[in-house]
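Numbering (mature numbering (1 follows the signal peptide of the UniProt record, and there is no 0)), first residue to last: -25 to -1, 1 to 476.
So this is what it looks like as structure tokens:
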């Protein structure tokens, strides 16, 4: 890519970002970025469902609509294909204001129902639903119909919002024109410009939601902009959860032994790797005139050719395995002792683990280990300790422990780096989670517990052991706590709105 062109793209993007950033001198009454101002929400939970109702402000005599977001309580999975019977009733009133069935929308788990023209007052929403053979009934109070009020601060904020919207578009239009120009010139710079454009802050219309109540978590409200830390409660609207794919799983506890996790190297087992050499001088004749290739599998005793001296001496594989190196070609003259092939039997390998002095006592009392490697990330191999070195190994201050690991299919590659988790001590009851549930920040590890339909609490945990894509952790978790296992990065970037007691 032309250096001048790259500088132009980056400079234009940074200029647009600067123009789109709200001024630090904004009046105090202007809403903070991301402050919920538009939508009103109600929510309810049961042992099977989470239900969130969202609507724009309801005005007397005005027709509107209510949106319903339905998800599974345990997993937070949107529930499409449900039947929702909805009724509205004035608080203290006799008959329903409206009743009927909510309509499914194209978004899974999202439904919509009309709101009729109504008088000023408080209303209750009754929902009877059926989804995947399960039924639920909810009564949600807190729906208000109120006349619009003339708020000078809100009017000022609205004026500033319009000005900010114009500033945003004035920032975006030059970038869009540049992207179009670059697209005609080269594709890579255009893609770079688009990527930088994505870093712009959202437009002023990207407002959040005003919540009637959460009501399901014990937390203290914080000022906007509080940092993420232990006990921090973040808020993410249910539509965003559906869009991003935030999923949860109830915490399970299981007996787990503490582990020492160290790095190791995969190596051939003793006697499982050898080199074939010429017993005497002659000319190599491979069967069929084809020189063996790397990766070719041979059986123990299989004939691969012959060595022509005076008589033909058959050449046979001394072990079954894989050809890892070939040193000669068909018809080549060789001398006694010259290398012909290298063979490896990968059915069982050794893993050399580096054990530091402080952990030697634990390792000496343990005989088992779990082995994982980037060459087979989806698998966990069971290893048996066969030896502990008497001297320091390749790593200063560490002694090598050798583990014998069955390797069906040869998934563990000789020479690969492996992670060795050596178990020791008595089993402990620990929470087990997917690794994807962990979020690390500033040396601390967090998981996000779903405490209310649109809220997640950051709980600090410590990892006790790792087993493949699962981890065992110790922390402030209870059986049944719903921990986010996907969309964790989005939760970590969500605004902190409260702090757990």
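Virtual Cβ for every residue (Gly too), placed ideally from N, Cα, C.
Run of the alpha helix (DSSP H) containing residue i, from where it starts to where it stops
i, result
"residue 283", "Residue 283 -> not in any alpha helix (DSSP H); beta strand (DSSP E) instead, spanning 278 to 283."
"residue 215", "213 to 219"
"residue 88", "That residue, residue 88, is in no alpha helix (DSSP H); its beta strand (DSSP E) goes 85 to 90."
"residue 405", "Taken as a continuous stretch (DSSP letters only), residue 405 belongs to no alpha helix (DSSP H), being part of the beta strand (DSSP E) at 403 to 409."
"residue 466", "463 to 467"
Beta-bridge partners of residue i, as assigned by DSSP
i, result
"residue 47", "24"
"residue 457", "225"
"residue 290", "280"
"residue 479", "No information on residue 479 is available, as it lies outside the stretch -25 to 476 that the chain covers here."
"residue 243", "324"
"residue 230", "404"
"residue 39", "90"
"residue 79", "86"
"residue 250", "317"
Given residue i as reference, the closest of the options once Cα atoms are compared
i, options, result
"residue 22", "395, 354, 296 and 113", "113"
"residue 363", "250, 337 and 388", "337"
"residue 478", "119, 45, 235 and 25", "Outside the shown range of the chain, which is -25 to 476, sits residue 478, and nothing can be said about it."
"residue 439", "396, 45 and 304", "396"
"residue 475", "41, 463, 225 and 423", "423"
"residue 254", "105, 299, 286 and 313", "313"
"residue 334", "233, 298, 413 and 295", "233"
"residue 247", "101, 297 and 256", "297"
Run of the beta strand (DSSP E) containing residue i, from where it starts to where it stops
i, result
"residue 104", "96 to 106"
"residue 225", "222 to 225"
"residue 447", "445 to 450"
"residue 74", "73 to 76"
"residue 113", "109 to 120"
"residue 437", "430 to 442"
"residue 296", "296 to 301"
"residue 305", "Premise fails: residue 305 is in no beta strand (DSSP E) and is neither H nor E."
"residue 268", "Where residue 268 is concerned, there is no enclosing beta strand (DSSP E), given that its DSSP letter is neither H nor E."
"residue 62", "58 to 65"
Whole-angstrom distance between residue j and residue i, CA atom to CA atom
i, j, result
"residue 68", "residue 223", "39 Å"
"residue 79", "residue 52", "16 Å"
"residue 327", "residue 365", "13 Å"
"residue 167", "residue 459", "No answer about residue 167 holds up, because its pLDDT of 40 lies below 50 and its placement is not dependable."
"residue 291", "residue 318", "12 Å"
"residue 466", "residue 209", "7 Å"
"residue 430", "residue 49", "14 Å"
"residue 264", "residue 283", "14 Å"
"residue 16", "residue 66", "18 Å"
"residue 259", "residue 372", "48 Å"
"residue 252", "residue 301", "11 Å"
"residue 275", "residue 293", "6 Å"
"residue 218", "residue 86", "15 Å"
"residue 270", "residue 349", "20 Å"
"residue 358", "residue 407", "22 Å"
"residue 404", "residue 325", "31 Å"
"residue 331", "residue 384", "32 Å"
"residue 289", "residue 388", "31 Å"
"residue 237", "residue 354", "17 Å"
"residue 62", "residue 108", "22 Å"
"residue 220", "residue 462", "6 Å"
"residue 95", "residue 70", "17 Å"
"residue 5", "residue 457", "With a pLDDT of only 37 at residue 5, under 50, the local geometry of the prediction cannot be trusted, and no value is derived from it."
"residue 392", "residue 245", "19 Å"
"residue 470", "residue 427", "15 Å"
"residue 410", "residue 351", "16 Å"
"residue 308", "residue 346", "44 Å"
"residue 103", "residue 121", "26 Å"
Short CB-CB distance (under 8 Å) between residue i and chain C
i, result
"residue 19", "The question asks about chain C, but that chain is absent: this structure has only one protein chain."
Runs of alpha helix (DSSP H) wholly within the region 315 to 378 (minimum 4 residues, chain order): 335 to 339
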